[in-house]
Ligand SMILES: [Fe+2]
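Here it is in structure tokens:
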């Protein structure tokens, strides 16, 4: 702790962080170009309100990260209405967009009615933002009849167009979870998708506050991403690329490439993340810390336990990658840290929800890539922290959690799995389910295949589904079941793809495990390619897919 305090002291001189800053005030009329180029967003709904967000920028990719805005505070007016045309404005106010927070605005709107839709917008002078739609959570005791929730991860701007975000918005979900890799840190052309990158990042690899602000603004200027933010409140958690590939607490990516300023980099990334996400004040960063794990309740239908498996984890065992590594089973190592683990298990015991949903970053179920007695697994995933996984799984079993479901991103492919207390015993009962969304773009177009032909599904019989196209998962949660539609795009390296449902699974209330309810038959070409595939090559390709900058 002493080290942290010392470094925070060192940081304060060089960066603004979250420190209050005296700024000149500019009249809204001083803004002569449209400042709403980054769209609007809402997030973290409760029964009486939600956060609404915007950030002013007239030139999103300005190198200093300040969006071409004057070095002065700007007054931003906001309205929340009960109808889309704003005939019934129910809350309104103004907020100051300050240069010290890159002209970001977060308003925690309160005193709204539970369980209903609202619309919101912002105004600066003669400029009015687009309208966003938000929803309040149902009242704490109500068991509502359904929730349409979609979840996504891994949106590498360079790897393709954000068409999947647009298609998700067209599905009109009521809640969206982003499970990390919202943006990537690389300079243009460093991380290249198979087939080449159709777009480029602006600026260098993100290291300074200016870099991260510029990168966030470039992403937020994408119209498809803006549609997805405007359609529903989001619950966001980060993974690694919002800061640095495969970071773990205070440890940077590669020991052989030292980063003496890593903690300053971490503080800058966290500051920009907060500025650009619809998070509550409880997530305002303090130096190198940001409180991201939290709980969102959707009445008695669902509780979302949003986890942070980056900020408190022990460093990956055996230098990362897929390994047969003794550290993976060391009971003293943790992926959540002790405090977060206690908070989560306590939440299991207190939960009165029909569905307890863990929104988190990395693969939860065991995935052994070795057909023999050795266990070769991903050191960056829960497989690299087996004791953590065991304690948490046992925790929900002991608490009698009615329907535990883990949601995951990171691996740039759709997967689905039954969850077990003992993955090595085929007779071990199923105690939960995991749904893994593919990427929005990361990895480029990908390819369709026959799920059961992937060797991982034979080596790990609890794995139930795999597909390597881009997309997202659309869920419908009711008191009786949770249904998951694996939504896929045939391509992302050109704009305009349509979306289709590749397969659907259902989890029934009180019966852990996945039931497949629909499967779109693959084309003849996909069948032929799948039949010709060499299993060893498929495993090698999957390992490379997941370990080369996922
Ligand atoms: Fe990723």
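Residue numbers (our numbering): -10 to 539.
All C-beta atoms in this analysis are idealised placements derived from N, C-alpha and C, irrespective of residue type, glycine included.
Bear in mind that the values here come from a model prediction, so they are computed numbers and not experimental data.
Specify the secondary structure class of residue i as computed by DSSP and reduced to three states.
i	result
residue 28	coil
residue 315	helix
residue 347	strand
residue 515	helix
residue 307	helix
residue 47	coil
residue 19	helix
residue 182	coil
residue 148	helix
residue 33	strand
residue 270	helix
residue 169	coil
residue 542	With the chain covering -10 to 539 only, the question about residue 542 has no answer from this structure.
residue 164	strand
residue 448	helix
residue 247	coil
residue 10	With a pLDDT of 45 at residue 10, under the threshold of 50, the modelled position of that residue is not reliable, and the figure given next carries that caveat. Reduced to three states, the DSSP call for residue 10 is coil.
residue 321	coil
residue 393	strand
residue 42	strand
residue 236	coil
residue 342	coil
residue 435	strand
residue 82	strand
residue 485	coil
residue 441	helix
residue 372	helix
From which residue to which residue does the alpha helix (DSSP H) around residue i run?
i	result
residue 107	Careful: residue 107 lies outside any alpha helix (DSSP H), inside the beta strand (DSSP E) at 106 to 113.
residue 204	198 to 209
residue 263	251 to 265
residue 530	524 to 536
residue 540	With the chain represented from -10 up to 539, any question about residue 540 goes unanswered, as that position is not in the structure.
residue 219	212 to 220
residue 226	Premise fails: residue 226 is in no alpha helix (DSSP H) and is neither H nor E.
residue 376	375 to 387
Looking at the unbroken beta strand (DSSP E) that takes in residue i, where does it start and where does it end?
i	result
residue 336	Segment 327 to 339 is the alpha helix (DSSP H) holding residue 336; no beta strand (DSSP E) there.
residue 155	Note, residue 155: premise wrong, no beta strand (DSSP E); alpha helix (DSSP H) at 152 to 159.
residue 13	13 to 15
residue 503	500 to 508
residue 424	419 to 425
residue 489	489 to 497
residue 97	93 to 98
residue 470	470 to 478
residue 416	Note, residue 416: premise wrong, no beta strand (DSSP E); not H, not E.
residue 75	Counting along the chain, residue 75 falls outside any beta strand (DSSP E), and DSSP gives it neither H nor E.
residue 406	403 to 409
residue 138	136 to 141
Looking at residue i and ligand 1, is the gap between the Cβ and the nearest heavy atom below 7 Å?
i	result
residue 539	yes
residue 443	no
residue 230	yes
residue 426	no
residue 345	no
residue 431	yes
residue 170	yes
residue 401	yes
residue 143	yes
Below 8 Å on the Cβ atoms is my contact criterion, and I expect residue i with residue j to pass it. Report the Cβ-Cβ distance as a whole number of Å.
i	j	result
residue 288	residue 118	With 8 Å as the limit, residue 288 and residue 118 do not qualify as a contact, their Cβ atoms being about 30 Å apart.
residue 95	residue 86	At roughly 10 Å, the Cβ-Cβ gap does not stay under 8 Å, so residue 95 and residue 86 are not in contact.
residue 347	residue 396	7 Å
residue 546	residue 36	As displayed, the chain neither begins before -10 nor continues past 539, which places residue 546 out of reach and without an answer.
residue 541	residue 66	Given that the chain is displayed from residue -10 to residue 539, the structure contains no residue 541 and the question cannot be resolved.
residue 263	residue 273	6 Å
residue 465	residue 420	That belief does not hold up - the Cβ atoms of residue 465 and residue 420 are roughly 23 Å apart, past 8 Å.
residue 248	residue 254	7 Å
residue 519	residue 448	Wrong, their Cβ atoms sit about 17 Å apart, outside the cutoff.
residue 165	residue 290	Contact flag wrong, Cβ pair sits at about 17 Å.
| message | Would you call the region 281 to 301 in contact with the region 223 to 230, where contact means no fewer than 3 C-beta pairs closer than 8 Å? | response | yes
| At least three beta-carbon pairs within less than 8 Å, the region 483 to 496 to the region 506 to 521 | yes
| query | Can at least three beta-carbon pairs, one atom from the region 147 to 157 and one from the region 93 to 107, be found at a separation below 8 Å? | reply | no
| How do the region 494 to 502 and the region 397 to 410 stand: do at least 3 beta-carbon pairs fall below 8 Å, yes or no? | In this structure the region 494 to 502 touches the region 397 to 410; the number of beta carbon pairs closer than 8 Å is three or more.
| said: I want to know whether the region 454 to 464 touches the region 136 to 145 - three or more CB-CB distances under 8 Å. | reply: yes
| said: Any contact between the region 317 to 324 and the region 362 to 378? By contact I mean 3 or more CB pairs, one from each, below 8 Å. | reply: Flag = yes, the region 317 to 324 and the region 362 to 378 touch.
| said: Under 8 Å: do the region 387 to 396 and the region 335 to 347 share three or more Cβ pairs, one atom per stretch? | reply: yes
| task | Pair every Cβ in the region 211 to 223 with every Cβ in the region 151 to 169, then say whether three or more of these pairs are closer than 8 Å. | result | Contact between the region 211 to 223 and the region 151 to 169 is established, with three or more Cβ pairs separated by less than 8 Å.
| Would the region 182 to 192 and the region 431 to 438 be scored as touching if the rule is three or more Cβ pairs under 8 Å? | yes
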